[in-house]
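Start counting the sequence shown at 1; every next residue gets the next number (full-length UniProt numbering). Beta carbons are placed, not taken as given, at the ideal position from N, Cα and C, and that holds for glycine. These numbers come from a predicted model, not from an experiment.
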Amino acid sequence: MPHVTTETRGTRNPPRDRRRTVVGTVVGLLSVGASLGAAELASALTRTAPPVVAVGDAVVDNTPPALMELAISLFGTADKVVLLSGIAVVLLGVGAALGVAALRRPAVGYTGLAVFAAAGIAAVLLRRADEPGAAIPVLVGAAAGASALALLLRSARGYLRPAAEAAAGAGGQAGAGPQAPTDAQGTKDAPAPQDTPDAHGTGGAQAAHAPEPGPAQGPGRRGFVLTAAGVLAASGAAGALGRLLPSALGGTGGRSALVLPAAAEPLAPLPSGTDLGVPGLSPFSTPAEDFYRIDTALTVPRVDVSRWTLRVHGMVDRPFEIDMEELLGLPLVEADITLTCVSNQVGGDLAGNTRWLGHPLAELLRRAGVQADADQILSTSQDGWTCGTPTEVVMDGRDALLAVGMGGEALTPVHGYPARMVVPGLYGFVSATKWVTDIKLTRFADEQAYWAQRGWAVRAPIKTMSRVDVPAPLGRVGSGEVVLAGVAWAQHRGVDAVEVRVDDGEWQTAELARVPGIDTWVQWVAETVVDPGQHTVEVRATDSTGRTQPPERVDPIPNGATGWHRVRFTAE
């Protein structure tokens, strides 16, 4: 009959070191969670950015331009989610490792939390040094994490110690088992096979009944579970309250309470024929919920309209500040304008059109008295992002607005509530500052905006572009007569013609929809006949200056993409 050894018995339960790893991981994860939850609540109370966002902003600000361009091309509008998710994964991973190490050396855990806090403070100082109280959430989060760590470590020791003591006790009892008798010559009588001692001097029969060092039961285990559950619940509650509190604290400053006055001279309704109504074709007016969003803000800035002000200063004769009440008391105008992001690839969807409501930017600049050599309008958003706009473009008579509404309603939070800049004819990174709070008149030679510092263009007029919406890429249609449709744009020049061709054949002129002006995109439609099989359709546009978009593909950075959009489809 084989001997029953301690090693054989040990396989019945997970090894103690594995249990310690699991407990330590739980301790670390919950400590990090407590820190993040408390920081979220503190950021809501102080109206500042959560530490994770501050760190993310610092990462974005200090990422090499080439890597940023790669992230934009790979992830598009999901780049913020990817970055924040990556930061969360790193925090949780490092937190779990610190928790395991802290079971043996608590100082390691506290040191790790101190390093996290230091990184958060550094991130705040890099971008939010002028924001009162920006460091408070970092400190509150660090304190909460340290408190949770201390509580969890104490409870974890109470859970693990009984298991260790049980294992030690079992070993001691085994070692004290009865010894076989010896004869006068000092030799042992041969024991029965079932009583043969094992390598540790433990009789097989005794070993079969020895206590096993399994997981601790009773108060130690229950205490740890209850403590962990309590920390988890408190952290979750703090985080949830931190997310919900800003809207409650906003009071009368919330978007729903902002009543926009009518325009001083309302625009006429869109002319008949503006929207061709082709299924699958982008509508002429883009709903706010479908309007593209591209910016560097990892979370949407929380702006209380009752506290919002815009400062106009720099190279001006009469600097001033204006609040929302005064702004809404000024004559407001409407303008139909298409916005386009410079990151838009050929055929991309980072463009949208709507009717904006706002006060002319030129009027604000005239009120300030712009000095002759101030060639740049350096605007700053609530989150510190900067944008450089050529002064002469805003002053040349186009509908450049300090906008407060889009699509007949107040701006949505993701699109710049309560106020943003809208300048037709320029890519958004040099014209469309959201959550704008500061306008400084300066010179391009003296100061650089956010993207200019990273090598992007400083004067970025929108290039003529066209896109195929119908058929959809890799779509399937019936053979015979096929409808081709899409949109084209050349803001502040206007589109004069759109041409399409199928399977590299002859170009044919498409029919253009009506438009209210030269600052919007235009829908186009054409028909063709195709046989069953795979086909391609290509499109190009010509603007009012007579310039046709070139066929050569050019990447969007630093001043916009070029090239003809080509779509493959199958006729059945």
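Subject >> Own chain, CB closer than 7 Å to Thr520, minus 5 neighbours either side, in chain order >> reply: Asp336, Ile337, Thr338 and Asn353
Original post:
Considering only the beta carbon of each residue, do Val423 and Ala460 sit closer than 8 Å?
Top reply: no
Original post:
Do you know how far the Cα of Gly533 is from the Cα of Arg568?
Top reply: 11 Å
Subject >> Assumed close pair Val404, Leu361 - CB separation to whole angstroms, cut-off 8 Å >> reply: In fact, because the Cβ distance is near 12 Å, the residues do not count as touching under 8 Å.
Original post:
How is the beta strand (DSSP E) around Pro516 delimited, first residue to last?
Top reply: Per DSSP, Pro516 belongs to no beta strand (DSSP E) and is neither H nor E.
Original post:
Are Val495 and Val539 touching if we call contact CB-CB under 8 Å?
Top reply: no
Original post:
Closest by CA to Asp446, which one among Thr48, Leu378 and His535?
Top reply: Leu378
Subject >> Cβ pair count under 8 Å reaching 3, the stretch 39–56 against the stretch 15–25 >> reply: no
**OP:** Please report the Cβ distance between Arg243 and Tyr159, rounded to the nearest whole angstrom; I am assuming they are in contact, meaning their Cβ atoms lie under 8 Å.
**Re:** Contact flag wrong, Cβ pair sits at about 32 Å.
Original post:
Between Leu84 and the rest of its own chain, which residues show a CB-CB distance below 7 Å, the 5 nearest in sequence each way excluded?
Top reply: Val52, Gly56 and Leu298
Original post:
Residue range of the beta strand (DSSP E) that Ile337 falls in?
Top reply: Val333 to Thr340
Original post:
From what residue to what residue does the beta strand (DSSP E) around Asp496 run?
Top reply: Val495 to Val502
Original post:
In chain order, which continuous runs of the alpha helix (DSSP H) of length 4 or greater are located wholly inside the stretch 16–55?
Top reply: 16–46
Original post:
Got a sec, what are the start and stop residues for the alpha helix (DSSP H) Ala79 sits in?
Top reply: In the sequence on display, residue 79 carries Asp and not Ala. Taken as a continuous stretch (DSSP letters only), the alpha helix (DSSP H) holding Asp79 covers Asp79 to Arg104.
Original post:
Is it right to say Gln376 is buried, meaning 16 or more other beta carbons lie within 10 angstroms of its own, or is it exposed?
Top reply: buried
**OP:** Could you pull out every residue in the same chain whose Cβ sits closer than 8 Å to the Cβ of Ala122, ignoring the five residues on either side in sequence?
**Re:** Ala58
**OP:** Grab the span of the beta strand (DSSP E) containing residue 574 for me, first residue to last.
**Re:** There is simply no residue 574 to check, as the chain begins at 1 and stops at 572 in what is shown.
Original post:
Quick one: what's Ser379 bridged to in DSSP?
Top reply: Cys387 and Ile439
Subject >> Inter-residue spacing [alpha-carbon to alpha-carbon] between residue 609 and Leu484 >> reply: Residue 609 is absent from the structure shown; the chain starts at 1 and stops at 572.
Subject >> Glu481: first and last residue of the uninterrupted beta strand (DSSP E) it sits in >> reply: Gly480 to Trp489
Original post:
Roughly how many whole angstroms lie between the Cα atoms of Ala263 and Leu330?
Top reply: 10 Å
Original post:
Could you give the residue range of the alpha helix (DSSP H) that holds Met324?
Top reply: Met324 to Gly329
**OP:** Evaluate Gly86 with the Cβ neighbour count: other Cβ atoms within 10 Å of its Cβ, from every protein chain shown; 16 or more gives buried, anything less gives exposed.
**Re:** exposed
Original post:
Just the Cα atoms here: how many angstroms apart are Ser544 and Asn62?
Top reply: 41 Å
**OP:** Can you give me the Cβ contacts of Asp555 inside the same chain, cut-off strictly under 7 Å, excluding the 5 residues immediately before and after it?
**Re:** Ala561
Original post:
Nearest-angstrom Cα distance between Gly563 and Gly145?
Top reply: 53 Å
**OP:** For Arg454, collect the residues of the same chain with a Cβ closer than 6 Å to its Cβ; drop the 5 residues on either side in sequence, then sort them by chain order.
**Re:** Pro65
**OP:** Closer than 6 Å by C-beta to Arg467: which residues in its own chain qualify, once you throw out the five before and the five after it? Chain order, please.
**Re:** Gly347, Gly486, Val487 and His565
**OP:** Report the residue ranges of all alpha helix (DSSP H) runs contained in full by the stretch 294–328; include only those spanning at least 4 residues, in chain order.
**Re:** none
**OP:** Could you pull out every unbroken beta strand (DSSP E) segment of at least 3 residues lying fully inside the stretch 445–470, listed in chain order?
**Re:** 465–470
Subject >> Coil, strand or helix - Pro556 by DSSP >> reply: coil
**OP:** Pull up the distance between the alpha-carbon of Lys80 and that of Ala117, whole angstroms please.
**Re:** 22 Å
**OP:** Measuring alpha carbon to alpha carbon, tell me which of Trp385, Glu527 and Trp489 ends up nearest Val500.
**Re:** Glu527
Original post:
By a C-beta neighbour count over all protein chains shown, 10 Å radius and 16 as the cutoff for buried, is Gly314 buried or exposed?
Top reply: buried
**OP:** Tell me where the alpha helix (DSSP H) around Leu365 begins and ends.
**Re:** Leu361 to Ala368
Original post:
When the distance is taken between beta carbons, is Leu276 closer than 8 Å to Val525?
Top reply: yes
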